[in-house]
Amino acid sequence: MRVAHRETWLPTLTAGCAAAAAYGSLLVTEFRGFHDFGLIGSAGMVLCWVATFLALPSVLAVMERLSPLDRPSPGLFGRLRRRTQGGIAFGEPFARLAARSPVALTVAGLALAAVGLVATVAYVRADPMEYDLRNLRNDESARAEQIRLTALAEEITGYVGTDGMAILVDRPEQVEPLRAALYARRDAAPEGEKPFKEIYALQDLVPKDQTAKIPLLLEIKERVLRAKKRGLIGDEDWSRIQAIIPPDDLAPFGIEDLPAGVARAFTETDGTRGRIVYISPITPESVHDAHYLFRWADAYRETRLPDGAVVRGSGRAVIYADMWAAVIDDVPPAVLFSLAATVLVVLVAFRGGRPAFAVLGALLVGVLWMAGLLVLLGVKLNFLNFIALPLTFGIGVDYAVNIVQRYAREGAGGALTAVRETGGAVILCSLTTTLGYLALVRSQNHAVRSLGVAAVLGELACLFAAVLVLPAALLWRDRRRPKGEESFLAVGRPTT
Numbered sequence: 001m002r003v004a005h006r007e008t009w010l011p012t013l014t015a016g017c018a019a020a021a022a023y024g025s026l027l028v029t030e031f032r033g034f035h036d037f038g039l040i041g042s043a044g045m046v047l048c049w050v051a052t053f054l055a056l057p058s059v060l061a062v063m064e065r066l067s068p069l070d071r072p073s074p075g076l077f078g079r080l081r082r083r084t085q086g087g088i089a090f091g092e093p094f095a096r097l098a099a100r101s102p103v104a105l106t107v108a109g110l111a112l113a114a115v116g117l118v119a120t121v122a123y124v125r126a127d128p129m130e131y132d133l134r135n136l137r138n139d140e141s142a143r144a145e146q147i148r149l150t151a152l153a154e155e156i157t158g159y160v161g162t163d164g165m166a167i168l169v170d171r172p173e174q175v176e177p178l179r180a181a182l183y184a185r186r187d188a189a190p191e192g193e194k195p196f197k198e199i200y201a202l203q204d205l206v207p208k209d210q211t212a213k214i215p216l217l218l219e220i221k222e223r224v225l226r227a228k229k230r231g232l233i234g235d236e237d238w239s240r241i242q243a244i245i246p247p248d249d250l251a252p253f254g255i256e257d258l259p260a261g262v263a264r265a266f267t268e269t270d271g272t273r274g275r276i277v278y279i280s281p282i283t284p285e286s287v288h289d290a291h292y293l294f295r296w297a298d299a300y301r302e303t304r305l306p307d308g309a310v311v312r313g314s315g316r317a318v319i320y321a322d323m324w325a326a327v328i329d330d331v332p333p334a335v336l337f338s339l340a341a342t343v344l345v346v347l348v349a350f351r352g353g354r355p356a357f358a359v360l361g362a363l364l365v366g367v368l369w370m371a372g373l374l375v376l377l378g379v380k381l382n383f384l385n386f387i388a389l390p391l392t393f394g395i396g397v398d399y400a401v402n403i404v405q406r407y408a409r410e411g412a413g414g415a416l417t418a419v420r421e422t423g424g425a426v427i428l429c430s431l432t433t434t435l436g437y438l439a440l441v442r443s444q445n446h447a448v449r450s451l452g453v454a455a456v457l458g459e460l461a462c463l464f465a466a467v468l469v470l471p472a473a474l475l476w477r478d479r480r481r482p483k484g485e486e487s488f489l490a491v492g493r494p495t496t
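At position 345 of the sequence shown (counting the first as 1) the number is 345 in the UniProt record's numbering, and the numbers step up by one without a gap.
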């Protein structure tokens with residue numbers, strides 16, 4: 001137990017702090033969901049490390065008394081236990097590969113990292129964000145209920161459609177000034193960049209100048225009736241005309257007099273009418289384009305009326321646009337904060353010596369591999385999967401930290417021993433994390449699925465960089481080392 005404590009506290013603490021820093025990078029984001037996620041994740045990493053080193057030794061001591069690990073066991077379980085008593089040699093295949101061709105592995109790893117760097121630069125310049133919202137929704141099979149509810153909503157909203165966004169004014173008298181201001185904004189936009197198509201209000205269903213039009217309608221009615229008496233209108237035509245003949249007591253009407261079925265889409269829960277205005281997109285398909293979503297949301301987000309009143313709009317378009325804008329603004333600082341925090345933790349843990357740069361070099365190779373794979377697979381960044389980037393720095397550095405820590409203890413020529421002895425634990429830790437991310441790949445939501453893909457690629461890339469390229473580079477360096485010279489990582493290695 002003492003040996004386990006002495007040999008593992010520093011690398012595990014370094015890995016835990018780096019992971020906590022990676023989660024903590026989400027605290028700099030403005031989106032509350034990511035902020036809270038970062039708080040929970042960073043606190044969880046620190047508390048898990050504390051619990052492991054405070055509680056686990058006592059638990060192991062109790063378990064050892066109740067059921068010693070080396071006690072004989074009969075049957076299949078006993079044979080399996082005896083064969084794996086020294087641990088499963090997960091690291092052995094990687095050690096053999098590194099020993100067989102260290103130069104080729106090192107050069108290939110660095111070359112792939114260079115390709116990943118070039119691809120990443122081109123990827124960023126071409127705008128890596130996902131703007132097609134259809135790639136972020138649920139699978140068709142999972143949207144059956146949504147489709148059913150949309151059909152019901154279409155019956156309620158009628159010609160307005162379910163894609164129209166509702167704007168609520170304070171008074172019905174503000175509808176016309178709002179309409180005029182919004183149409184002026186639309187007409188001022190260049191052709192092909194119009195922010196919306198039409199504006200609908202309950203007032204559209206109430207004719208204007210009714211007091212002037214009613215006498216004309218009654219006069220027309222009298223002329224039609226005289227024509228009927230003179231036989232100038234046939235029975236077939238009269239059957240159609242009779243249904244629209246106005247009554248003698250025809251009087252002006254307002255929005256309160258409209259039938260409930262007609263006014264339903266413009267009626268609030270308390271029965272108030274006339275304060276809801278709908279603004280419709282250019283086409284139903286355009287709402288799936290985030291670029292258009294920005295224009296649409298900006299068109300009605302805030303409108304100042306001639307009397308100085310301000311009408312603010314919200315709804316799906318504004319919320320999605322704000323989420324998108326927040327993610328675009330949050331990605332660079334979150335990634336830079338995570339990278340800086342990870343570098344700082346590693347430098348402090350290894351006292352700024354060569355081992356720290358070996359760890360960071362392996363992490364850089366893994367991250368560039370990950371970026372190259374994302375480009376190769378055409379994975380775009382969205383409001384959810386971008387968190388895989390800062391998390392990869394903190395979680396991915398774990399593997400190189402353990403390999404370098406063991407190598408520094410072994411000294412020159414200890415690269416293969418580090419992979420054989422420590423690589424198993426490293427691979428097992430990565431496997432459990434990867435399986436957790438793989439569960440996201442089975443999600444019905446495309447955005448969640450993309451997060452799983454990005455996170456898995458980051459895990460695997462950093463793992464292989466740590467257990468293949470890093471040991472191969474160390475082995476290559478040791479073979480070129482003059483006889484009797486100490487390992488170059490021995491300088492500044494951490495002490496316990």
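All residues carry an ideal CB built from backbone N, CA and C; glycine is no exception.
Bear in mind the structure is a predicted one, so any value in this text is a computation, not a measurement.
query: Same chain, Cβ closer than 6 Å to residue 227, neighbours up to 5 away in sequence not counted; result: 233
query: Distance, residue 164 Cα to residue 278 Cα; result: 6 Å
query: Beta-carbon contacts of residue 466 that lie in its chain and below 6 Å, excluding the five residues immediately before and after; result: 362, 399, 400 and 403
query: Neighbourhood of residue 110 by C-beta, 8 Å cutoff - its chain only, sequence neighbours within 5 removed; result: 365 and 469
query: The stretch 187-198 contacting the stretch 277-291, beta-carbon criterion three pairs below 8 Å; result: yes
query: Meets three-Cβ-pair contact criterion under 8 Å: the stretch 371-380 and the stretch 423-443; result: no
query: Residue 38 versus residue 336: straight-line alpha-carbon distance, rounded; result: 15 Å
query: Where residue 496 falls, given that 16 or more other Cβ within 10 Å makes a residue buried; result: Confidence is the limiting factor: at residue 496 the pLDDT is only 37, short of 50, which leaves the residue's position unreliable, though a coordinate-based value still follows. Burial call: exposed.
query: Residue 262 beta carbon less than 8 Å from that of residue 205; result: yes
query: Runs of alpha helix (DSSP H) lying entirely within the stretch 290-332, each at least 4 residues, in chain order; result: 290-300
query: Residue range of the unbroken beta strand (DSSP E) whose run includes residue 278; result: 276-279
query: Buried versus exposed call for residue 63 [16 or more other C-beta atoms within 10 Å across all chains shown]; result: exposed
query: N-terminal and C-terminal residue of the alpha helix (DSSP H) that residue 1 is part of; result: It is not in any alpha helix (DSSP H) - residue 1 carries neither H nor E in the DSSP assignment.
query: Segments assigned alpha helix (DSSP H), at least 4 residues, entirely inside the stretch 396-467; result: 415-441 and 446-464
query: Closest residue to residue 299 among 5, 105, 188 and 437 (Cα-Cα distance); result: 188
query: Collapsed DSSP secondary structure at residue 267 in the structure displayed; result: strand
query: contact_flag[the stretch 315-330, the stretch 377-390] where n(CB pairs < 8 Å) is 3 or more; result: yes
query: Candidates 432, 370 and 479: closest to residue 453 by CA position; result: 370
query: Counted within 10 angstroms of its Cβ, other Cβ atoms place residue 494 as buried (16 or more) or exposed; result: At residue 494 the pLDDT is 42, less than 50, meaning the model places this residue with poor confidence and gives no usable figure here.
query: Beta strand (DSSP E) segment containing residue 200, residue limits; result: 199-201
query: Integer Cβ distance of residue 178 from residue 305, believed to fall under 8 Å; result: 6 Å
query: Inter-residue Cα distance where the pair is residue 440 and residue 446; result: 10 Å
query: Close beta carbons around residue 497, own chain, < 6 Å, minus the five adjacent residues each side; result: Here the chain covers residues 1 to 496 and nothing more, so residue 497 does not appear.
query: For residue 339, the nearest candidate out of 91, 367 and 457 (CA to CA); result: 367
query: Where residue 166 sits in the DSSP three-state scheme; result: strand
query: Three-way DSSP call (helix, strand, coil) for residue 384 in this model; result: coil
query: Cβ-based neighbour list, residue 134, same chain, cut-off 6 Å, excluding 5 preceding and 5 following; result: 288
query: C-beta contact flag for residue 474 and residue 99 at 8 Å; result: no
query: N-terminal and C-terminal residue of the alpha helix (DSSP H) that residue 236 is part of; result: 235-241
query: Spatially closest choice to residue 107 from 191, 472 and 481, by CA coordinates; result: 472
query: Beta-carbon gap between residue 1 and residue 20 smaller than 8 Å; result: no
query: Helix, strand or coil at residue 492 according to DSSP, with G and I counted as helix; result: For residue 492, the pLDDT reaches just 43, beneath the cut-off of 50, and the residue's location in the model is therefore unreliable, although a value from the coordinates is still provided. Note: residue 492 maps to coil in three-state DSSP.
query: Beta-carbon spacing of residue 117, residue 390 below 8 Å; result: no
query: Beta-ladder partner(s) of residue 138, from DSSP; result: 445
query: Own chain, CB closer than 7 Å to residue 478, minus 5 neighbours either side, in chain order; result: 412, 413, 415 and 487
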